[in-house]
Amino acid sequence: TPNAQQYASWTQAGGGVHPTNNNTGLNTAVNAPATYTQFGVVAADFGGNSNTVFGAVAGFDPNNPTRLFVSRYMVASNGASAAGNTAQVGIGSVDANGNAYIRQDDFGATGAPSGNNLWRVNMPARDPNKNNQISALLTDRDQPATDWIVRNSTTTHGTPSNIPAQIAGGRGLVMGANFSNQLVRGTANGSVAAPTVVADSTHIAGLGVANTRGTVSFSPAVVFPGSVGTGSMLGYNANSDADRILVWGLNAAGNVTANAELVLPATIQDPCTGFDPTVAYGLAGTPLPIGAFTHYFSQTPFRGGNGQTALGRDPQGRSLAAGVVSYPDPTSPDGQPFQSIYVARFAPGAPVEWTVAAHLDPSLLAGKPIEDGNGATIGNLIGLNILTGGTPFGPTISGVGFDGAGNIWFVAPVQITSEPFPKTALIRGVYDAQNFCYRLELVASRGQIVAGANSGRNYRINFIEIADSNSISSGAFWSSNVSGATFNNISTAGLDQDDPRTLGGLVLSAEIIYDVDMDNDFEDPTSAGGNPLSLDESYAALLYVGAGSVQQVCEPDLTTGAIAGQPGYGV
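Plus 827 on top of the position in the sequence shown (first one is 1) and you've got this note's numbering.
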């Protein structure tokens, strides 16, 4: 059911829902669709002391999937103003019902709930007149919408995933990991009544893993019989190397039904290209001949995102698991650019198959090829340092997620042969079931111009983040950015492997610039070295990518002689 009966729509620049910053007179009311497919999104904002979480419940009519119906919410804040600091929070996850899950601690904060805390906020239940401030004062919170699940724990917890309400029932269940190698599940009703929380190690019982690492991922894919979904995370061996993906089945109560560990093999190849990391990097005879899983360092346990592992199923019903591997560099384990994506194909009790889905070569100049729709090579993956000039140096590849047919999605720098400069790009790896390999194609990229759906103006994708100063960025692309379903949950039977409908949807964090004066220069008035007199407008945005056609925009690439209001500088 749509979250509202009517939604505001506009088709001109300046329209929008803000009562003072937009001209609401340009808006018209549009009725919610009779048929509706819903999803949730959540994101965090950081700046100075301010640390806020916002999100949305959105959906579409399956007969017109390019028009989204969006209800946006302020999930939580850490102050009555930007100067406040009563908590520090990180995300986290969200389900399709709009239940947002966040982690909070008291680091550097005043008047915060002490220790480690996990919260759930039901966005549709939020009081729009109440600032849901996370603090030690009960009265600061929007009580009916906010559940305090893990309370004042002295054990460090990572950012939480969840078992969605549509699977677990009720309000859903938080699911996360703590630094005592325990799986944490639970729920609560508000902040006063006692929560129900279980923390144990049943997810690794009987396995050879020494310790766990990273955050927990949840997938609706059923790997183990008798389960309603599957959890996963990284595991350590006795040498403290993240050499395995841990997977476990879950019932609707959050109990573990079965588990397995997918340990990296001694050798691995990409059947599509013949790439062998052991040969390419000269790692034969070393403790990590094909590298180790990464992206769990630095701020990621506390700020997010989720998660370092991905789970899915192919059209033949086989289970798939994926993660990003770095090649050994003890001086900078997550801040270097030499990475690959490894995918395991498996069934409980059967031998595990492994493949290299994407890779960087040692030169960082000629990684795995990018192909067009006809299979011709149009470019390659390259190292992040090639794109940035060395700062930051890495990592190169974001987290990875599966769609509903076993294709992978991730962000990485590319060099397109016909273009002079490298750029960051959203990449789809199309699954080749017969050869168990992936063929990469470019979906969206920095510099791409898109026709705005509401504004009557084009916008340009100006920045897609991968790394911060020393690790993967919390604002990068993670496995939880991708729906594990197909479009509208349709069957994969009869779909080509590269059919757009294999994707149920994903979100991509990006900076975009609207060309307000329509002169094609897309000048950011707020950036360092930018033009403060520019009429163009820059936004931090979540871009939704789903099945459906969009208007393609091709504008001349000119840099001088701008004439306001004349596209292409008058050309």
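C-beta atoms are modelled at their ideal positions from N, C-alpha and C, and glycine is treated no differently.
| Check | Outcome |
| --- | --- |
| Exposure of HIS1122, with buried meaning 16 or more beta-carbon neighbours within 10 Å | buried |
| DSSP three-state assignment for VAL1106, whether helix, strand or coil | helix |
| Extent of the continuous alpha helix (DSSP H) to which ILE994 belongs | 992-995 |
| Alpha-carbon spacing of GLU886 relative to ALA923, whole angstroms | Note that residue 886 is Gly in the sequence shown, not Glu. C-alpha separation (whole angstroms): 9 Å. |
| Pairwise C-alpha distance: TYR1258 and PHE1349 | 36 Å |
| Nonlocal neighbours in the same chain, by C-beta distance under 7 Å from PRO889, ignoring five residues either side | THR862, THR864, ASN1315 |
| DSSP three-state assignment for PRO940, whether helix, strand or coil | coil |
| Exposed unless 16 or more other CB atoms sit within 10 angstroms - verdict on HIS984 | buried |
| Cα-Cα separation between THR879 and ILE1339, rounded to whole angstroms | 21 Å |
| Minimum C-alpha distance to GLU1198 - residue among CYS1099, TRP837, MET1345 | CYS1099 |
| Proximity below 8 Å, CB of PRO1468 to CB of PHE896 | The chain is shown from 828 up to 1398; residue 1468 falls before or after that span and cannot be answered. |
| Inside the segment 1154-1216 only - beta strand (DSSP E) runs reaching at least 3 residues | 1166-1173, 1180-1186, 1196-1198, 1204-1208 |
| Cα-Cα separation between PRO1247 and THR893, rounded to whole angstroms | 32 Å |
| 8 Å Cβ cutoff met for VAL1025 and GLY1013 | yes |
| DSSP-derived helix/strand/coil call for ASN1289 | strand |
| THR1127, buried or exposed, once every other Cβ within 10 Å from all chains shown has been counted against 16 | buried |
| Within 8 Å, strictly: CB atoms of ASN944 and ASN891 | no |
| Where ASN905 sits in the DSSP three-state scheme | coil |
| Identity of the residues DSSP links to VAL1050 by a beta bridge | DSSP output for VAL1050 lists no bridge partner at all. |
| Where ALA1355 falls: helix, strand or coil (DSSP) | coil |
| Rounded C-alpha distance that separates GLY1056 from ALA1048 | 5 Å |
| Buried/exposed call for ALA1294, threshold 16 Cβ in 10 Å | buried |
| Nearest to PRO1196 (by Cα), restricted to the options ILE1254, ASN905, SER1354 | ILE1254 |
| Cβ neighbours of GLN992 in the same chain (closer than 7 Å, five flanking residues each side left out) | The sequence given here places Ala at residue 992; Gln does not occur at that position. Counting only Cβ-Cβ distances below 7 Å, and skipping sequence neighbours, we find ASP922, ASN924, ASN926, ARG998, GLY999. |
| Beta-carbon proximity of GLY1202 to VAL1152, cut-off 8 Å | no |
| For ARG1284, the three-state DSSP class (helix, strand or coil) | coil |
| Buried versus exposed call for ARG899 [16 or more other C-beta atoms within 10 Å across all chains shown] | exposed |
| Any 3 or more C-beta pairs closer than 8 Å across the segment 1305-1322 and the segment 1228-1241 | yes |
| Cα-Cα separation, GLY1062 to ARG1328 | 33 Å |
| Local Cβ density within 10 Å of THR855, reported as buried at 16 or more and exposed below that | exposed |
| Burial state of ASN1262, where buried means 16 or more other Cβ atoms lie within 10 Å | exposed |
| Whole-number beta carbon distance between SER1054 and LEU1077, since they are thought to touch under 8 Å | 6 Å |
| Whole-angstrom C-beta distance between SER1007 and GLY1134, which should lie under 8 Å | Going by Cβ atoms, the distance from GLY1134 to SER1007 rounds to 18 Å, so no, they are not a contact pair. |
| Under the three-state DSSP convention, the category GLY1395 falls into | Residue confidence for GLY1395 is low, a pLDDT of 48 falling below 50, so the modelled location carries little weight; the figure read from the coordinates is stated next. Helix at GLY1395. |
| Test item: CB-CB of LEU1208 and ALA1239 under 8 Å | yes |
| Cutoff 7 Å; reference GLY841; Cβ partners in own chain excluding five residues on either side | ASN849, ASN850, LEU853 |
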